[in-house]
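Visitor: Just passing along the structure, written as structure tokens.
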Amino acid sequence: MLLDLAPVIPVVTLDDPADAPPLVRALARGGLLAVEITLRTPGAPEAIAAAVRAVPEAVVGAGTVVRGELVETAVRAGARFLVSPGWTPGLVDAMAASGLPFLPGVSTASDVVALAERGVTELKFFPAEAAGGTAYLTALAGPLPRVRFCPTGGIDAERAPAYLALPNVACVGGSWMVPQDALRDRDWDRVEHLAREAAGLRASAQV
């Protein structure tokens, strides 16, 4: 299951597709096997394709999937899962038709109920901090016990353990293990170190 691969899914935005293989390799070495590359830059599809080819042990997906045609773009690039910041019936239909695991974004109880009604019970909670954070997810656990979340948005290494301690949170998404200066300097050793720390957050959340 996608949400069970690691406690954190790195959310990465790349300008240079050549950075994708060494970055994803560093994240995987650190224990973060699922990596979301956002479709926010012109080179994102090429970055996904390059990482998929070069780092087969990683599970590389496409994020910021906001239109049906971007589902097709992600599939052509070889993405192994899809993530959206929100959802519409048409977008969910397109993602489901791809045959790939997907995480539609939700921020309200009505969103969650509507998707659960369609049989979609693994969701991205976005923007997590702005939409109510751990208190909101705790409130959802009672009436919607079958739904699992990957909260993303405003989460860092300090906030992540509180989310991971919740029974309805399977993992979190974030970009703190890929700081801009490390990406600029191509400091893959630092990325690997930060990824290893992030991979250990589940254990610390359960202490």
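Going by the working numbering, the first residue of the sequence shown is number 86, and it counts up by one from there.
For every residue, glycine included, the Cβ atom is placed at its ideal position computed from N, Cα and C.
Per DSSP, which one or two residues make a beta bridge with Phe-211?
Guide: Paired residue(s): none; Phe-211 is not in a bridge.
Visitor: Please look up how many angstroms separate the CB atoms of Gly-239 and Glu-214, rounded, as I've assumed it's under 8 Å.
Guide: The pair is a contact, with the Cβ atoms about 3 Å apart (cut-off 8 Å).
Visitor: For Gly-227, count neighbouring Cβ atoms within 10 angstroms of its own Cβ and tell me buried if that reaches 16, exposed if not.
Guide: With fewer than 16 Cβ atoms within 10 Å of its Cβ, Gly-227 is classed as exposed.
Visitor: In whole angstroms, what is the alpha-carbon distance linking Pro-107 and Ile-94?
Guide: Cα to Cα, Pro-107 sits roughly 17 Å from Ile-94.
Visitor: With DSSP as the reference, please indicate the residues paired to Leu-167 in a beta bridge.
Guide: DSSP output for Leu-167 lists Ala-147, Phe-187 as bridge partner(s).
Visitor: Return the Cβ separation of Leu-249 and Val-257 in integer angstroms, given the expectation that the two are a contact with Cβ distance under 8 Å.
Guide: Rounded, the Cβ-Cβ distance is 6 Å, consistent with contact.
Visitor: With burial defined as no fewer than 16 other Cβ atoms inside 10 Å of the residue's Cβ, what is the status of Gly-146: buried or exposed?
Guide: Looking at its Cβ environment, which holds 16 or more other Cβ atoms inside 10 Å, Gly-146 is buried.
Visitor: Look at the alpha carbon of Leu-118 and the alpha carbon of Leu-167, and state the distance between them as a whole number of angstroms.
Guide: Each residue's alpha carbon lies about 15 Å from the other.
Visitor: Does the structure place the stretch 117-133 close enough to the stretch 141-158 that three or more beta carbon pairs sit under 8 Å?
Guide: Yes, the stretch 141-158 touches the stretch 117-133.
Visitor: In whole angstroms, give me the CA-to-CA distance for Gly-184 and Gly-190.
Guide: One C-alpha to the other measures close to 18 Å.
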